[in-house]
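Read the structure below first, then the notes.
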Amino acid sequence: MISSSSPLGARLLAGIVVLAGAALIAASSRPPVSGASGNPFFADFDTPFQVPPFDRIKPEHFLPAFEKGMAEQQAAVAAIVADPAPPDYENTIAALDRSDKRLTAVNRVFGGLASADTNDELKAIQKEISPRLAAHRDEINLNKKLFERIKAVYEKRASLGLDAERTFVLENLYKSYIRNGAGLDEAGRAALREINQKLSRLSVQYNQNVLNETNAFRLVVDKEADLAGLPESSLAAAAEAAKAAGLEGRWLFTTQKPSMIPFLTFAQNRALREKIYTAYIKRGDNDNEYDNKKILSDIIKLRVERARLLGYKTYADYVLETRMAKNPQNVYDLLNRLWAAALKVAKKEAGLLQGIIDRENGGFKLAPWDWWYYAEKLRKERYDLDDAELRPYFVLDNVRDGAFWTASQLYGLTFTPLPDIPRPHPDAQAFEVKEADGSPCGVLYLDFHPRAGKNGGAWCGTYRSQNRIFGKDVDPVVTMVMNFSVPSGGRPALLTLEEVETLFHEFGHALNNLLSDITTGTTFRSPDFSELPSQIMEHWAAHPTVVKHYAKHFQTGEAIPDALVAKISNSRLFNQGFDNVEYLAASLLDMKIHTLTEPVDLDINAFEKAYFDSIGLIPEITSRYRSTYFTHIIGGYAAGYYGYIWSGVLDADAFEAFKETSLFDKATAESFRRNVLARNGTADFMKMFVDFRGREPRIEPLLKNRGLTD
1 MISSSSPLGA RLLAGIVVLA GAALIAASSR PPVSGASGNP FFADFDTPFQ VPPFDRIKPE
61 HFLPAFEKGM AEQQAAVAAI VADPAPPDYE NTIAALDRSD KRLTAVNRVF GGLASADTND
121 ELKAIQKEIS PRLAAHRDEI NLNKKLFERI KAVYEKRASL GLDAERTFVL ENLYKSYIRN
181 GAGLDEAGRA ALREINQKLS RLSVQYNQNV LNETNAFRLV VDKEADLAGL PESSLAAAAE
241 AAKAAGLEGR WLFTTQKPSM IPFLTFAQNR ALREKIYTAY IKRGDNDNEY DNKKILSDII
301 KLRVERARLL GYKTYADYVL ETRMAKNPQN VYDLLNRLWA AALKVAKKEA GLLQGIIDRE
361 NGGFKLAPWD WWYYAEKLRK ERYDLDDAEL RPYFVLDNVR DGAFWTASQL YGLTFTPLPD
421 IPRPHPDAQA FEVKEADGSP CGVLYLDFHP RAGKNGGAWC GTYRSQNRIF GKDVDPVVTM
481 VMNFSVPSGG RPALLTLEEV ETLFHEFGHA LNNLLSDITT GTTFRSPDFS ELPSQIMEHW
541 AAHPTVVKHY AKHFQTGEAI PDALVAKISN SRLFNQGFDN VEYLAASLLD MKIHTLTEPV
601 DLDINAFEKA YFDSIGLIPE ITSRYRSTYF THIIGGYAAG YYGYIWSGVL DADAFEAFKE
661 TSLFDKATAE SFRRNVLARN GTADFMKMFV DFRGREPRIE PLLKNRGLTD
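For the sequence shown, counting from 1, position 461 maps to 461 in my numbering; every step adds exactly one.
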């Protein structure tokens with residue numbers, strides 16, 4: 001979910017963790033740091049498939065490696081600038097592309113660990129290196145002589161005989177330098193550096209606060225009677241969590257979703273549902289050491305100042321200029337069209353849930369912490385379907401293999417376990433991925449379960465991206481990171497249907513990286529297009545043909561009954577009002593924040609409440625993210641959270657191509673691979689879609705899929 005405002009930044013930030021910042025502290029000016037001796041980053045990795053040697057990497061290796069990587073890139077840029085030959089693509093653009101090999105390798109490993117297995121040492125390193133990395137980025141983005149060479153190549157691009165990929169990279173690289181301050185005077189550059197440094201420190205603190213606040217809350221239950229309604233799988237997991245925390249004989253729940261969502265869905269104790277839900281939505285808003293209100297206000301203010309300094313009306317105008325949406329109005333047009341329809345459906349759903357409460361003589365008004373509980377009752381009532389009935393069929397390893405099988409059917413890929421290669425965490429799995437002809441495709445890591453040092457949510461990143469910048473093909477090393485419940489009570493890890501779709505979603509991102517076929521290491525991605533490869537895979541996740549392949553009962557091994565598969569299909573539109581409203585509310589909040597035109601101090605809670613009131617958000621539903629834990633908008637999805645629904649238009653229409661042929665049509669799959677996945681951020685977004693679909697996208701399939709048609 002991470003991107004950056006520049007291609008260099010995108011390489012440094014590498015799809016896993018955001019490290020933004022400011023004024024340069026030259027690596028060569030610092031005394032040596034312990035950890036240089038025997039540093040694994042100081043040589044090419046000598047491991048199988050040249051994966052990172054996780055078993056040999058220690059925290060003290062990172063700072064020396066970062067410093068060496070920055071120094072090497074500074075030297076490479078100096079050589080580019082000093083080159084007496086006239087600037088051309090090879091001696092300027094390609095040379096710049098090759099300049100950060102070590103720095104990118106270090107940062108991707110550090111980013112992966114800082115997001116998925118952090119500790120106090122890594123947090124301290126992150127706070128120190130973040131502004132230094134962004135300062136390094138600024139030093140290159142604001143290098144006048146380097147920009148002059150890039151500009152010279154750009155201005156004669158038509159005569160260079162470049163292919164489509166190189167032309168796209170050159171044009172967008174030139175634009176990115178303009179957008180990152182290359183045209184500013186010295187005073188403007190100094191101001192930009194200062195803003196970037198402040199943003200760097202604030203962004204790291206915001207994200208660390210969210211993780212710390214998440215880890216700080218524990219709901220410990222002493223009485224089994226307070227757990228009435230919870231399925232055995234949740235009880236077993238909570239008992240094991242309590243035992244691990246030294247609370248044997250009790251039950252421990254957290255605001256991590258594998259723990260919290262089953263509690264909200266099944267626990268009859270309304271007071272405890274309220275307690276855990278309130279803890280979740282109050283993260284970063286408790287007026288304590290982890291409070292994010294002032295931090296976010298400062299981030300917003302600095303982004304307004306940054307946009308104005310660069311000549312844009314708002315931060316959203318700045319961000320969206322290079323996105324598929326192009327401008328804020330186009331985003332609002334889509335969101336507002338969907339908002340009215342979704343709100344109408346959600347109000348009907350709220351009425352149905354209130355009806356159940358009244359029928360049971362509950363004597364209270366439906367609240368946000370009640371929604372999951374009564375929605376589950378309604379699903380059982382309407383479709384004779386409940387989560388407890390489905391979950392035994394969704395064994396994590398089987399679902400994983402179902403995703404692999406789907407990729408095999410579509411693209412001919414094979415996935416072979418690699419139990420003996422270094423892994424980022426002992427819980428992680430590793431697979432060798434090959435093409436149908438046996439040629440290598442890459443390595444895929446899977447990190448499924450929550451832990452104290454892991455951020456919430458799910459994401460996909462790369463420890464190494466596919467490229468040919470040094471003349472030979474480099475295979476990618478990809479990681480999928482999720483937070484699924486652990487095996488407990490003698491049962492394997494069992495998923496909900498939503499978690500099944502999450503696995504397929506992240507697998508779609510993984511395929512985008514594994515099937516990349518580009519020369520450059522400099523790519524230009526956009527959230528409103530990059531979610532297409534992930535979200536289209538969700539269509540296979542719940543398709544009856546695929547479900548019947550992976551859904552087998554964990555005890556008997558029997559395939560899921562056809563009647564149960566039919567219930568899943570029949571309930572496809574269930575709770576869509578809620579799902580759409582909570583998502584759209586967060587998307588609209590993101591846009592409201594980033595279309596502010598004045599750098600003012602905000603009362604975050606008052607601002608948020610006033611905005612949600614103005615758009616008519618009903619009190620029974622809370623935005624999917626509140627401002628104080630909306631980590632997407634601190635990273636690469638600022639003014640970009642709408643990208644999931646924009647890409648939703650694309651994926652719904654793209655999947656129609658398979659409906660028009662067949663679920664695993666080889667020609668359609670090959671076209672999607674060639675025109676979308678393989679180009680991986682090196683072609684115009686609309687062109688990629690049109691080359692696949694033969695026309696521009698239509699919104700009707702999305703409206704139908706989400707139950708938003710009249």
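Just so you know, even glycine gets a beta-carbon here, dropped at the ideal spot from N, CA and C.
Query, Result
"Unbroken stretches of the alpha helix (DSSP H), 4 residues or longer, contained in the region 504–590", "527–530, 532–541, 544–550 and 562–570"
"K144, buried or exposed, once every other Cβ within 10 Å from all chains shown has been counted against 16", "exposed"
"Residue ranges of each beta strand (DSSP E) within the region 62–138, 3 or longer", "none"
"N-terminal and C-terminal residue of the beta strand (DSSP E) that F253 is part of", "W251 to F253"
"DSSP state of Y373 mapped onto helix, strand, coil", "helix"
"Straight-line Cα distance separating P424 from I536", "28 Å"
"Residue burial classification, R303 (beta-carbon count within 10 angstroms, cutoff 16)", "buried"
"Backbone CA spacing between K82 and V153 [nearest angstrom]", "One detail in the question is off: residue 82 reads as Ala in this sequence, not Lys. If I take the Cα positions, the gap works out to 16 Å."
"Residues that D447 bridges to, as DSSP identifies them", "V481"
"Residue(s) in a DSSP beta bridge with L219", "F253"
"Coarse secondary structure for K434, derived from DSSP in three states", "strand"
"3 or more residues per run - each beta strand (DSSP E) lying fully within the region 582–661", "none"
"For F415, three-class secondary structure by DSSP", "strand"
"Stretch pair the region 191–211 + the region 285–304: three plus CB contacts closer than 8 Å", "yes"
"Start and end residues, alpha helix (DSSP H) containing T668", "K666 to F672"
"Same chain only: Cβ atoms within 7 Å of F484, ignoring 5 sequence neighbours per side", "P258, L396, F448, H449, A493, L495 and E499"
"Residues that W459 bridges to, as DSSP identifies them", "V481"
"Which listed residue (A116, G636 and A541) has its alpha carbon closest to that of D427", "A116"
"Element boundaries [alpha helix (DSSP H), containing N723]", "Missing from the structure shown is residue 723; the chain here goes from 1 to 710 and no further."
"Nearest neighbour of K175, chosen from S233, E321, L162 and E213 [CA to CA]", "E321"
"For V399, the three-state DSSP class (helix, strand or coil)", "helix"
"Residue range of the unbroken alpha helix (DSSP H) whose run includes I57", "Element bounds for I57: n/a, residue is neither H nor E."
"Beta bridge counterpart(s) of N467 as assigned by DSSP", "V474"
"Rounded straight-line distance, which links the Cα of Y373 to that of K712", "It is not possible to answer for residue 712, since the shown part of the chain is limited to 1 through 710."
"At least three beta-carbon pairs within less than 8 Å, the region 459–477 to the region 400–411", "no"
"Where A245 falls, given that 16 or more other Cβ within 10 Å makes a residue buried", "exposed"
"Neighbour-count burial assignment, A541, 16 or more Cβ in a 10 Å radius", "buried"
"Per-residue DSSP class, three states only, for G490", "coil"
"Assigned exposure category for E248 - 16 Cβ within 10 Å defines buried", "exposed"
"Contact under 8 Å by Cβ, G636 with P527", "yes"
"3 or more residues per run - each beta strand (DSSP E) lying fully within the region 140–226", "219–221"
"G246 - DSSP class collapsed to helix/strand/coil", "coil"
"Cβ neighbour criterion (16 or more within 10 Å) applied to D317", "buried"
"DSSP beta-bridge partners of Q429", "L446"
"Straight-line Cα distance separating I125 from R30", "Confidence in R30 is poor, its pLDDT being 39 and thus under 50, which makes the residue's placement unreliable; the coordinate value appears in the next sentence. If you take the alpha carbons of R30 and I125, they lie about 15 Å apart."
"Euclidean distance between Cα positions of T118 and K454", "7 Å"
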